[in-house]
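See below for the structure under consideration.
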Amino acid sequence: SHICNDISELRDEISRMREIALDIAKKDGLIIVAASTHPFAKWSEQDIMQGDRYSKLLDDFRSVAQQLLVFGMHIHVGFGKGRKNQDVMIEIMNQMRYFLPHILALSSSSPFWQGRNTGLMSYRSVVFEMMPRSGIPPSFQSHGEYEQYVDLLGQAGSLDQDDNNKYDATKIWWDIRPHPKFGTLEIRISDVCTDINDTVAIAALIQAIIATLLKLRSNNQSWRTYRQHHITENKWRAVRYGTQGKLIDFGIGQQINFSRLAQEIIEIVDPVLDNLNSRKEVQHIENIVDRGTSAIQQIAVYEQSLKDNNMNHDVALHNVVDYLANKTVSGL
Numbered sequence: 076s077h078i079c080n081d082i083s084e085l086r087d088e089i090s091r092m093r094e095i096a097l098d099i100a101k102k103d104g105l106i107i108v109a110a111s112t113h114p115f116a117k118w119s120e121q122d123i124m125q126g127d128r129y130s131k132l133l134d135d136f137r138s139v140a141q142q143l144l145v146f147g148m149h150i151h152v153g154f155g156k157g158r159k160n161q162d163v164m165i166e167i168m169n170q171m172r173y174f175l176p177h178i179l180a181l182s183s184s185s186p187f188w189q190g191r192n193t194g195l196m197s198y199r200s201v202v203f204e205m206m207p208r209s210g211i212p213p214s215f216q217s218h219g220e221y222e223q224y225v226d227l228l229g230q231a232g233s234l235d236q237d238d239n240n241k242y243d244a245t246k247i248w249w250d251i252r253p254h255p256k257f258g259t260l261e262i263r264i265s266d267v268c269t270d271i272n273d274t275v276a277i278a279a280l281i282q283a284i285i286a287t288l289l290k291l292r293s294n295n296q297s298w299r300t301y302r303q304h305h306i307t308e309n310k311w312r313a314v315r316y317g318t319q320g321k322l323i324d325f326g327i328g329q330q331i332n333f334s335r336l337a338q339e340i341i342e343i344v345d346p347v348l349d350n351l352n353s354r355k356e357v358q359h360i361e362n363i364v365d366r367g368t369s370a371i372q373q374i375a376v377y378e379q380s381l382k383d384n385n386m387n388h389d390v391a392l393h394n395v396v397d398y399l400a401n402k403t404v405s406g407l
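If you're matching positions, the sequence shown starts at 76 in this note's numbering and goes up one per residue.
Quick look at the structure:
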């Protein structure tokens, strides 16, 4: 997308891009589907994207790269360049990591993999974590410490140099990262949302969380920075159960129903919503929890189709694809 100044503009941009993709697909007799995995496509039957970057990835990671028939939703929030802005970005990244499992649960759309029901809500996350330098990142004291990490990887041969003789930090595939070229904090943990309204709601929630963290900072306060392994435990719960499970509230050391945690986050960001003009969009998070994510709805379509078609697995999977295709373009 282009740079969007507010959530309303983002909604228009997402609709525009889906319309363009749909028109292009129709010319070849195809349809489009917004989800993080295709219910029955086989990675072994896919052609590899042409280009030097993809050839290098295939050469470096072999079968791991070949299996990446997964799709993610990346949301960039601008901080600007310059040392001060970069240090603020790292501070916010450290704190934002806590909320990543919640965002993943809300966006989950990949319960099927190569024709089988995996029992997980975000199998994409499992596939992608076969890659090195992926998952929840550690915390950093400053952008300078992060740069030292990048330089270490580059000097050790893990990262190539780009055209400006800088080490290519885009090959650090964390769930959240400073984008080395755009001056943005890139939130990468989300599955692709099938429903445009869900896409916009999750983007609005991310924007509101970051605005809240910045507001705390302006008052010399901050959200607690949790350890990587704590957040990783919650990520697994989000991968497995999505919004139907429980995440750990590490402040009290107890697991809490996701629905309650989602409501708490909405209450936390409430003071910034009117200024961002995103109250309606963030409140849609409640609808996602009540109605179910794309993953939950896909499983429901699959199970109902099995009952209606004498347990015919192939028919049920095709019905899931039909559901996804219709939902993807709903409202365009």
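Ideal Cβ placement from N, Cα and C applies to all residues, glycine included.
Inter-residue spacing [alpha-carbon to alpha-carbon] between residue i and residue j
{"i": "alanine 283", "j": "lysine 382", "result": "42 Å"}
{"i": "tyrosine 398", "j": "phenylalanine 154", "result": "38 Å"}
{"i": "isoleucine 327", "j": "tyrosine 316", "result": "21 Å"}
{"i": "glutamate 137", "j": "glutamate 120", "result": "Strictly speaking, residue 137 in this sequence is arginine, with glutamate absent from that position. When rounded, the distance between both Cα atoms is 15 Å."}
{"i": "isoleucine 211", "j": "isoleucine 167", "result": "14 Å"}
{"i": "glutamine 296", "j": "glutamine 142", "result": "43 Å"}
{"i": "glutamine 189", "j": "alanine 116", "result": "5 Å"}
{"i": "histidine 393", "j": "glutamine 319", "result": "25 Å"}
{"i": "glutamate 310", "j": "glycine 157", "result": "The amino acid occupying residue 310 in the given sequence is lysine; glutamate does not appear at that position. Looking at the two C-alpha atoms, the distance is approximately 32 Å."}
{"i": "leucine 280", "j": "threonine 269", "result": "17 Å"}
{"i": "valine 108", "j": "tryptophan 298", "result": "37 Å"}
{"i": "glycine 406", "j": "glutamate 84", "result": "16 Å"}
{"i": "valine 357", "j": "asparagine 240", "result": "42 Å"}
{"i": "serine 265", "j": "asparagine 384", "result": "33 Å"}
{"i": "aspartate 324", "j": "arginine 312", "result": "12 Å"}
{"i": "valine 404", "j": "glutamate 88", "result": "14 Å"}
{"i": "threonine 112", "j": "glutamine 373", "result": "11 Å"}
{"i": "alanine 400", "j": "asparagine 160", "result": "41 Å"}
{"i": "methionine 196", "j": "isoleucine 99", "result": "30 Å"}
{"i": "lysine 376", "j": "threonine 245", "result": "In the sequence as displayed, the identity of residue 376 is valine instead of lysine. The straight-line gap from Cα to Cα measures roughly 37 Å."}
{"i": "valine 395", "j": "serine 233", "result": "40 Å"}
{"i": "glutamate 411", "j": "aspartate 134", "result": "The chain is shown only over 76 to 407; residue 411 falls outside these bounds and no answer can be derived."}
{"i": "serine 366", "j": "glycine 219", "result": "Here residue 366 turns out to be arginine, not serine, going by the sequence shown. For arginine 366 and glycine 219, the distance between alpha carbons rounds to 44 Å."}
{"i": "isoleucine 78", "j": "histidine 254", "result": "14 Å"}
{"i": "valine 139", "j": "isoleucine 331", "result": "35 Å"}
{"i": "serine 130", "j": "aspartate 122", "result": "12 Å"}
{"i": "valine 163", "j": "arginine 191", "result": "43 Å"}
{"i": "leucine 322", "j": "asparagine 169", "result": "19 Å"}
{"i": "alanine 278", "j": "aspartate 127", "result": "31 Å"}
{"i": "glutamine 223", "j": "alanine 231", "result": "12 Å"}
{"i": "glycine 249", "j": "aspartate 238", "result": "The question names glycine, yet the displayed sequence has tryptophan at residue 249. Answer to the nearest angstrom: the Cα atoms are 23 Å apart."}
{"i": "proline 114", "j": "phenylalanine 187", "result": "5 Å"}
{"i": "methionine 386", "j": "serine 293", "result": "58 Å"}
{"i": "arginine 354", "j": "arginine 86", "result": "14 Å"}
{"i": "threonine 193", "j": "valine 314", "result": "11 Å"}
{"i": "asparagine 350", "j": "leucine 132", "result": "43 Å"}
{"i": "isoleucine 178", "j": "glutamate 204", "result": "17 Å"}
Identified DSSP bridge partners for residue i
{"i": "lysine 321", "result": "Asn332"}
{"i": "aspartate 266", "result": "Gly147"}
{"i": "leucine 260", "result": "Val152, Pro253"}
Presumed contact (8 Å Cβ cut-off) between residue i and residue j, rounded CB distance
{"i": "serine 48", "j": "serine 369", "result": "The question about residue 48 has no answer, for the chain in this structure spans 76 to 407."}
{"i": "methionine 171", "j": "isoleucine 285", "result": "7 Å"}
{"i": "alanine 276", "j": "isoleucine 360", "result": "5 Å"}
{"i": "asparagine 352", "j": "isoleucine 82", "result": "7 Å"}
{"i": "serine 185", "j": "valine 145", "result": "7 Å"}
{"i": "valine 267", "j": "alanine 96", "result": "Contact doesn't hold; Cβ gap of about 12 Å is too wide."}
{"i": "isoleucine 165", "j": "serine 217", "result": "6 Å"}
{"i": "glutamine 236", "j": "aspartate 243", "result": "7 Å"}
{"i": "threonine 274", "j": "methionine 92", "result": "So it is not a contact: roughly 11 Å between Cβ atoms."}
{"i": "leucine 175", "j": "isoleucine 251", "result": "6 Å"}
{"i": "tyrosine 173", "j": "isoleucine 340", "result": "About 10 Å separates the two Cβ atoms, so there is no contact after all."}
{"i": "threonine 287", "j": "isoleucine 247", "result": "Incorrect: roughly 26 Å between the Cβ atoms, too far for contact."}
{"i": "valine 347", "j": "lysine 402", "result": "The Cβ separation is near 30 Å, so there is no contact."}
The segment 323-343 contacting the segment 189-201, beta-carbon criterion three pairs below 8 Å: no
Those runs of the alpha helix (DSSP H) which lie wholly inside the segment 175-223 and span at least 4 residues: 175-182, 198-203
Secondary structure, alpha helix (DSSP H): runs of 4+ residues fully inside the segment 331-368: 333-351, 354-366
Whole runs of the alpha helix (DSSP H) within the segment 115-180, excluding any shorter than 4 residues: 127-136, 138-141, 158-171
Stretch-stretch touch, CB-based, cutoff 8 Å, three pairs: the segment 212-232 with the segment 300-308: yes
Minimum length 4: unbroken alpha helix (DSSP H) runs contained in the segment 220-252: none
Stretch-stretch touch, CB-based, cutoff 8 Å, three pairs: the segment 142-152 with the segment 256-264: yes
Unbroken stretches of the beta strand (DSSP E), 3 residues or longer, contained in the segment 281-322: none
Every unbroken beta strand (DSSP E) inside the segment 77-101 [3 residues or more]: none
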